[in-house]
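Numbering (the working numbering), first residue to last: 47 to 373. All residues carry an ideal CB built from backbone N, CA and C; glycine is no exception.
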C-alpha cells in the first residue's frame, strides 16, 4: 500500500512486462531476462547508428524495465536516463514525463530501503551479522527487517517526481503527488507528505477514480502525516478507506485499516469499539488467508478484552466504595 506507484504502459507498445517491485524472479525467468537484456543492448547501438531514435528509446526503456525486474535499480536508472535523452532529442514530452517518473521511482526504492538492492549493501554495517536476540524476543517470531533510509536518494526521487508532475496530465500529476507524499513521509516531513497526498486525492476525485481515492486516502491514513496527532480526523479517513476497500474488494488492505481503527479506539479508551474493530479485522485477514495479520489482531483483541474487563472491574470497585461511603 505504501509502495511508490508505477505507471503501466499499454501492451501494444511491446515493452517487457513489469513485475511488482521486490517480487523475485524464478531462475528460468532470470535467465530469460538476462538474454533479453543482451538483445536490447545490441538493439540500442544498432538503432543509434541507423538514427532510429524512437526505436532506440523503446530499447532503452525496455532495458530499464528488465533491470527493475531483477532489482538492479541503479542500472535501471542508467537505462531510463538514456531513454530520457532520446525523448528530449525527439521533443517527446510525454515520453520525457515517463522517463522522469521511472527514474524517480527507482531512486525512491533505493532511498526508502523498501527492497534489497544496491542501496541495501552500502554502509559500514552492511557486512556485519545482526546481534543475537534474547530467548524472550525470539519467541515473538522473526525480527523486523532493518530499514536504511537514504535521504540523499529520496531527495533525488522527489526532484524527478516533481519534473514528472510538471510535464504530465492529471493522471501523471496524481501519481507524482502520491509518490512525493510517500517520499516526504520517509524523510519524516509530515506536512509536506500530507499536502502531496491531499493533492493526489484532489486529482483522484477529479478523475472519478475509486482506485485513486483508495491509494490517496490509504497513504494519508498509514504514512507519517499531520493527522497522526488528530485521532478524530484520522478515524474519519480510515473509515472512508475501509468503505473504499470494501467496494473495491481489497480484503487485505481492509484488514489493515480495521486493525488501525481498533488501535485508535483502544488509544481513546473505547474498549468495546476496539474489540469490534479487531474482530472484523480478524475476519478480513482470515478471508484473505493472511495468518500473520490474523494472529496479530487476535493478540490485540485479547488485550482489548482484558482492558475492558479491567475497566469494568475498577468501575465495580469504585461503585462499592461509593456505596460504603454513603452508608
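Taking the alpha-carbon positions, what's the residue 232 to residue 218 distance?
21 Å
Just the Cα atoms here: how many angstroms apart are residue 340 and residue 324?
Roughly 9 Å between the two C-alpha positions.
Can you tell me whether residue 279 is buried or exposed, with buried defined as 16 or more other CB within 10 angstroms of its CB?
exposed
Just checking, does the region 242-253 make contact with the region 220-231 on the three C-beta pairs under 8 Å criterion?
yes
Which residue marks the beginning of the alpha helix (DSSP H) containing residue 82, and which one marks its end?
73-95
Is the beta carbon of residue 109 sitting closer than 8 Å to the one on residue 154?
no
What would DSSP say about residue 217, mapped onto helix, strand or coil?
Note: residue 217 maps to helix in three-state DSSP.
With DSSP run on the structure shown, which of helix, strand or coil describes residue 336?
It is coil, neither helix nor strand.
I believe residue 284 touches residue 303 by the beta-carbon criterion, under 8 Å. Please report the beta-carbon distance rounded to the nearest angstrom.
5 Å
Let me know if residue 83 comes out buried or exposed under the rule of 16 or more other beta-carbons within 10 Å of its beta-carbon.
Burial call: buried.
Counting pairs of Cβ atoms below 8 Å between the region 245-254 and the region 78-98, do you hit three or more?
no
Residues in its own chain within less than 7 Å of residue 327 by CB, not counting five upstream and five downstream?
Cβ within range, chain order: 301, 304, 305, 308, 343.
When you compare the CB positions of residue 50 and residue 266, do they come within less than 8 Å of one another, or not?
Going by C-beta atoms, residue 50 is not nearer than 8 Å to residue 266.
What are the boundary residues of the alpha helix (DSSP H) that residue 274 is part of?
Unbroken run through residue 274: none, as it is neither H nor E.
Please work out which residues of its chain come closer than 7 Å, Cβ to Cβ, to residue 132, disregarding the five sequence neighbours upstream and downstream, and give them in chain order.
99, 102, 103, 106
To the nearest whole angstrom, what separates the beta carbons of residue 112 and residue 62, a pair I think is in contact under 8 Å?
Residue 62 and residue 112 do touch by the CB rule: their CB atoms are close to 5 Å apart, below 8 Å.
With respect to the alpha helix (DSSP H) encompassing residue 247, which residues constitute its N-terminal and C-terminal limits?
236-252
What would DSSP say about residue 62, mapped onto helix, strand or coil?
Of the three classes helix, strand and coil, the one that applies to residue 62 here is coil, per DSSP.
Report the rounded CA-to-CA distance for residue 59 versus residue 97, giving the unit in angstroms.
20 Å
Taking the alpha-carbon positions, what's the residue 336 to residue 295 distance?
Between residue 336 and residue 295, the alpha-carbon positions lie close to 15 Å from each other.
Measure the alpha-carbon distance for residue 73 versus residue 147 and round it to whole angstroms.
29 Å
Between the alpha carbons of residue 175 and residue 157, how many angstroms are there, rounded?
A caution first: residue 175 carries a pLDDT of 40, below 50, which makes its placement in the model unreliable, though a value can still be read off. Near 22 Å, if we compare the C-alpha coordinates of residue 157 and residue 175.
Would the beta-carbon of residue 238 fall within 8 Å of that of residue 230?
yes
I'd like to know whether the C-beta atoms of residue 159 and residue 193 end up nearer to each other than 8 Å.
yes
Report the three-state DSSP secondary structure of residue 136 (helix, strand or coil).
In this structure, residue 136 counts as coil in the three-state DSSP scheme.
Excluding five sequence neighbours on each side, which residues of the same chain lie with their C-beta closer than 7 Å to the C-beta of residue 178?
In this prediction, residue 178 has a pLDDT of 46, which is less than 50 and means its spatial position is unreliable; what the coordinates show is noted afterwards. Nothing meets the Cβ criterion.
Exposed or buried, which one is residue 91 when buried takes at least 16 other CB atoms within 10 Å?
Its Cβ having fewer than 16 others within 10 Å, residue 91 is exposed.
Residue 123: buried (16+ other C-beta within 10 angstroms of its C-beta) or exposed?
Buried is the call here.
If I measure Cβ to Cβ from residue 127 and keep anything under 8 Å in the same chain, skipping five residues before and after, which residues do I get?
145, 149
Please look up how many angstroms separate the CB atoms of residue 79 and residue 71, rounded, as I've assumed it's under 8 Å.
Between residue 71 and residue 79 the Cβ distance is about 6 Å, and since that is below 8 Å, they are a contact.
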